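The block underneath contains the structure these notes are about, expressed in structure tokens.
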Amino acid sequence: MAVKILDTCINCAACIDECPTEAIVDEDDNPTGEEIYYVYEDKCVECVDHFDSPACAEACPTEECIVWDEPKEGLTLHADRGEAGSDVVED
40 MAVKILDTCI NCAACIDECP TEAIVDEDDN PTGEEIYYVY EDKCVECVDH FDSPACAEAC
100 PTEECIVWDE PKEGLTLHAD RGEAGSDVVE D
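So my numbering is basically just the index in the sequence shown, starting at one, shifted up by 39.
As structure tokens, this is what we get:
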């Protein structure tokens, strides 16, 4: 699973600067049209063979904004999980 950016993103660019594969783009290049940063899944390697954990998550000043497992209840993943601000549906 690739890293995901949640709707709590503050567009600070800390993640972009740290990504070793340039998988993260800013809100201007977000293909979903949302006003937050976006991770291209086909480029993201979760920093395997680069760092112990995703460098973007380590650099992010917003707690739990960048995830690589399922988010906590009530937070929304972008792109394939729904629109910003919608509830997470439990299976």
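Cβ coordinates follow ideal geometry from the N, Cα and C atoms, glycine included. All values reported here derive from a predicted model rather than from experimental measurement.
Around cysteine 83, the same chain offers Ala41, Val42, Ala62 as residues with beta carbons nearer than 6 angstroms, after the five sequence neighbours per side are excluded. For glutamate 97 and aspartate 65, the gap between their C-alpha atoms comes out near 18 angstroms.
In the displayed model, isoleucine 105 falls within a strand according to three-state DSSP. Counting only the Cα atoms, leucine 45 lies some 5 angstroms from cysteine 104. Counted as a single uninterrupted DSSP element, the alpha helix (DSSP H) harbouring cysteine 54 occupies residues 53–57. Under the 10 Å beta carbon count, glutamate 85 is surrounded by 16 or more other beta carbons and is classified as buried.
Scanning its chain for C-beta atoms nearer than 6 angstroms, with the 5 sequence neighbours on each side dropped, one finds around proline 93 the residues Val42, Glu85, Cys86, Trp107, in chain order. Distance between tyrosine 77 and threonine 47, taken at the CA atoms: about 12 angstroms.
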